[in-house]
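Numbering (this note's numbering), first residue to last: 1466 to 1665. Ideal placement from N, C-alpha and C gives every residue a C-beta, glycine not left out. Values in this document were obtained by computation on a predicted structure and should not be read as measured data. As structure tokens, the structure follows; a few thoughts come after it.
Next comes the structure, spelled out in structure tokens:
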């Protein structure tokens, strides 16, 4: 059975493609930060805002925290908190064969359209890898998504790479590339395949 789309880009649904929005996914943690690895289903509140104590954290931990904060805001629809994590000049790889989505305003319009179609969102991340290079950093992680989309339960898995830039004292996401992992088809072992009947 082929699964329908998780999300749509604009008003067009697509099957197996992934909308840019699962970045903020999506999606989710350093092995040393188990509390940030998953946003639990029963707790729809995003993590607390950064405090003076998070400013003292090493940059790698700050970025990990930012990803958790961003994904939490994405799940509950907190646009203001989401914008604090995302640069005004963000570029996002499009889920369609189309140019990237450029800028917060374009991203926000598509996010609101998509978010209005989904409820009971859960987005968990694993296997986060963060690398720093001066005032730039990138993070790659895998994610598991589940929600009710257009009244129907849906799930997906994928991976995301985010590029960050340090602007002043804050890290912000300047680029996102999210990919949906295609479900693999079950393989039938050769010993269970019945050969066709022999021709007379």
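Sorted by chain position, which residues of the same chain lie with C-beta nearer than 6 Å to residue i's C-beta, five sequence neighbours on each side aside?
i, result
"residue 1646", "1622 and 1623"
"residue 1627", "1604, 1638 and 1641"
"residue 1617", "none"
"residue 1556", "1565, 1567 and 1640"
"residue 1607", "1591, 1592 and 1624"
If residue i sits next to residue j, beta carbons under 8 Å apart, how far is it from one beta carbon to the other, in whole angstroms?
i, j, result
"residue 1641", "residue 1620", "Not really, about 21 Å apart at Cβ, beyond 8 Å."
Return the CA-CA distance between residue i and residue j, expressed in angstroms with no decimal places.
i, j, result
"residue 1587", "residue 1544", "17 Å"
"residue 1542", "residue 1532", "15 Å"
"residue 1631", "residue 1601", "6 Å"
"residue 1546", "residue 1535", "7 Å"
"residue 1552", "residue 1558", "15 Å"
"residue 1576", "residue 1522", "30 Å"
"residue 1583", "residue 1613", "6 Å"
"residue 1530", "residue 1597", "15 Å"
"residue 1615", "residue 1581", "9 Å"
"residue 1611", "residue 1573", "21 Å"
"residue 1633", "residue 1549", "13 Å"
"residue 1609", "residue 1629", "22 Å"
"residue 1563", "residue 1599", "31 Å"
Helix, strand or coil, according to DSSP, for residue i in the structure here?
i, result
"residue 1600", "coil"
"residue 1552", "strand"
"residue 1570", "helix"
"residue 1621", "strand"
"residue 1590", "strand"
"residue 1632", "strand"
"residue 1614", "strand"
"residue 1544", "helix"
"residue 1539", "helix"
"residue 1581", "coil"
"residue 1526", "helix"
Enumerate in chain order the residues of its own chain whose CB-to-CB distance from residue i is below 8 Å, with the five nearest sequence positions on each side excluded.
i, result
"residue 1517", "Because the pLDDT of residue 1517 is 45, which lies under 50, any placement of that residue in the model is unreliable, and the number read from its coordinates should be weighed accordingly. Nothing meets the Cβ criterion."
"residue 1458", "This structure leaves residue 1458 out entirely; the chain is present only between 1466 and 1665."
"residue 1524", "1597, 1602, 1631 and 1636"
Would you say the stretch 1585-1598 touches the stretch 1554-1570, given that touching needs at least three Cβ pairs under 8 Å?
no
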